[in-house]
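This report concerns only the one structure given below.
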Amino acid sequence: MSLKHDIAFTLNGVQRKVTVDVGQSALAMLRDVIGLTGTKYGCGEGECGACTIIVDDQTINSCLMFAVDCDGRRVTTIEGLTGDARADALRDAFVAHGAVQCGFCTPGLMVQASHLLAHHPEVDAATVKRGIEGNLCRCTGYKKIVEAIVSASHAEEGAAR
Amino acid sequence: MNAIEQYIAPTSLAQALECLREGEVTVLAGGTDVMPQSQSGRLKFKPTLMNIQRVPELKGIARDGDAIRIGALVTVTDIMRDTLVQEFFPVLVEAGDHFASDQIRNAATLGGNINNASPAGDMLIPLLVLDAYAELAAKPNGEMRVRRIPLGDFFVGPGKTRRAANELLTGVLIPLPPPNHFARFFKFGTRPALDISAISIGIAGVRTDHLLSQVRVAFGAVAPTPVRAPRTEAALEGKRLDRATIDAAAQAAYDEVRPIDDVRASAWYRRELIRNMTKRMLDHVAQA
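Residue numbers (my numbering), protein chains in the order written: chain A, 1 to 161; chain B, 1001 to 1288.
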């Protein structure tokens, strides 16, 4: 029997109370305990970024974070980006540019890219490449992804005018 | 995975040190090393898992007399954004820039990087050439005891340090640099992001009238721990930074290191890299 611990935190704007295994990752908690499967398990060791979530306004690999450490924090997953104007612009740009093939890396890239755009409203390709260096895509070769993120940042400027 | 019997998340340094005194403890901070190492079985959990993320005394970067103190919980991202670090130790920002990825820099702590004691730890090489001290606290008999040891004496082997079981690494102290101080960092991996160094090099010193003094050279991933390079330092100390000095120092570096063959590079390649990149870095210092 593994040791359990009760935690309380804000998940996608909603206060949650969850009982987790002490050795469990935040990713396992999200997927297996809470049932939010948008966040993906890729490598399990922080190399691929498919499990990227936002914790207290910073993106992290949820596979490397202990679930117990979510206690008291604000957590946002890909599901929490629903209805967010920036995320909508990103989603539309990913579709328009064909930035999705198998789609497995997409939730992590969307979370990382939306966080990047929140902090750099006007990005160029170099900034995007640097910003998503922790996210692997094995299908697209990144070109379309980078183009999509850059165009989403310009879409936002257009919307602001 | 072996069983964790107790989980504790102390909210003060005193509580954390009490916990360390009472039993065998695995210390958790950012999790970026503890999680993959525990999942793969390389790290066996002690009966108590102590999450130190909520200990305020371990946070923050501040002036401390003639030094800057960086708390053990400060992340690589925090270091890169800090104005004191940017002003006095830009080499740490440079090393942070080569550290893993955004997601990992946001979680990985300086204390974790030091305690993980990897021969290839990215922040360790610049800290060694900046003469950093490790600050360790313990509460052996109800009273807090703090000691500071030079970081160069802290590492014993891969994953092994001089931290006692009842001690917590609370931070590092880095003396403010003297005038005309320079410090450089170089990391060589096969790709820019998320790579463990094949080799890394730190060089620091004071340069006045083109003469070098207080020279510090350190190498990563060429020995069981990050190491200072006394023979390379001696080849530079008190010298004018000209062609002959640079070539002699690069050769001393080549002769001095004893790397191994592993998945990241052969020993032969590592020694070639050490010689050629030491030379290149010194050329850049000479041109600056």
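Where a beta carbon is used, it is the ideal one built from N, C-alpha and C, also for glycine.
In this text the structure is predicted, and so the values were computed from the model without any measurement.
Taking a Cβ-Cβ threshold of 9 Å, none of the residues of chain B is close to I145 (chain A); the smallest such distance is about 15 Å. I1274 (chain B) is outside the set of residues whose beta carbon lies under 8 Å from a beta carbon in chain A. Against M29 (chain A), chain B offers no close residue; the least beta-carbon distance is about 13 Å (beta-carbon pairs closer than 7 Å). Judged by beta-carbon spacing, M65 (chain A) lies within the 8 Å limit of A26 (chain A), meaning their Cβ atoms are closer than that value. Under DSSP, N1051 (chain B) forms a beta bridge with B:L1028. When the five nearest sequence neighbours on each side are left out, the beta carbons in the same chain lying within less than 6 Å of the beta carbon of R74 (chain A) are those of T10 and D56, in order along the chain.
Within the same chain, Cβ atoms closer than 7 Å to the Cβ of V33 (chain A) are found at V18 and V20, the five residues on either side in sequence being excluded. Between M1277 (chain B) and G1202 (chain B), the alpha-carbon positions lie close to 11 Å from each other. Non-local beta-carbon contacts of V123 (chain A) in its own chain, meaning distances under 8 Å to residues more than five positions away in sequence, involve L116, L117, G131, I149, V150 and S153 in chain order. Our two residues, L30 (chain A) and A67 (chain A), have alpha carbons roughly 9 Å apart in a direct line. For the set B:E1005, B:V1076 and B:D1066, the Cα lying nearest the Cα of M1050 (chain B) is the one of B:E1005. In the structure shown, H1181 (chain B) adopts extended strand secondary structure according to DSSP, grouped into three states.
The C-beta of A1120 (chain B) comes no closer than 8 Å to any C-beta of chain A. Interface annotation for the region 9-35 of chain A against chain B: V22, G23 and S25, criterion Cβ-Cβ distance under 8 Å. When the five nearest sequence neighbours on each side are left out, the beta carbons in the same chain lying within less than 7 Å of the beta carbon of M1281 (chain B) are those of R1184, F1186, I1201 and I1203, in order along the chain. As computed with DSSP, D6 (chain A) is found in a beta bridge with A:T19. Counting along the chain, N61 (chain A) sits inside the beta strand (DSSP E) bounded by residues Q58 to N61. Going by beta carbons, M110 (chain A) and A96 (chain A) fall outside the 8 Å limit. For the options B:E1272, B:D1209 and B:Q1037, the alpha carbon positioned closest to that of E1256 (chain B) is the one of B:E1272. Taking the beta carbon of T52 (chain A) as reference, the chain B residues within 8 Å of it are Q1103, listed in sequence order. The distance from the Cβ of G1220 (chain B) to that of P1140 (chain B) is about 33 Å, inconsistent with a contact at the 8 Å cut-off.
If only uninterrupted alpha helix (DSSP H) runs of at least 4 residues are considered, those enclosed by the region 1121-1208 of chain B are 1124-1129 and 1151-1154. G1152 (chain B) sits close to L1128 (chain B), with the two beta carbons spaced by under 8 Å.
Only G1031, T1032, D1033, V1034, M1035, P1036, S1038, Q1039, S1040, F1045, L1049, N1051, Q1053 and R1054 from the region 1031-1064 of chain B bring a Cβ to less than 9 Å from some Cβ of chain A.
Within chain B, the C-beta atoms nearer than 9 Å to that of M65 (chain A) come from G1030, G1031, T1032, M1035 and A1107, in chain order. With fewer than 16 other CB atoms across the displayed protein chains lying within 10 angstroms of its CB, Q1287 (chain B) is exposed. With a cut-off of 8 Å on Cβ pairs, the region 1078-1093 of chain B is not in contact with the region 1153-1168 of chain B, counting fewer than three such pairs. The C-beta of D69 (chain A) comes closer than 8 Å to at least one C-beta of chain B.
Taking the Cβ atoms as the reference, G1023 (chain B) lies roughly 6 Å from T1048 (chain B), within the contact range of under 8 Å. Counting every other CB atom within 10 Å of its CB across the protein chains shown gives T1161 (chain B) a total of 16 or more, marking it as buried.
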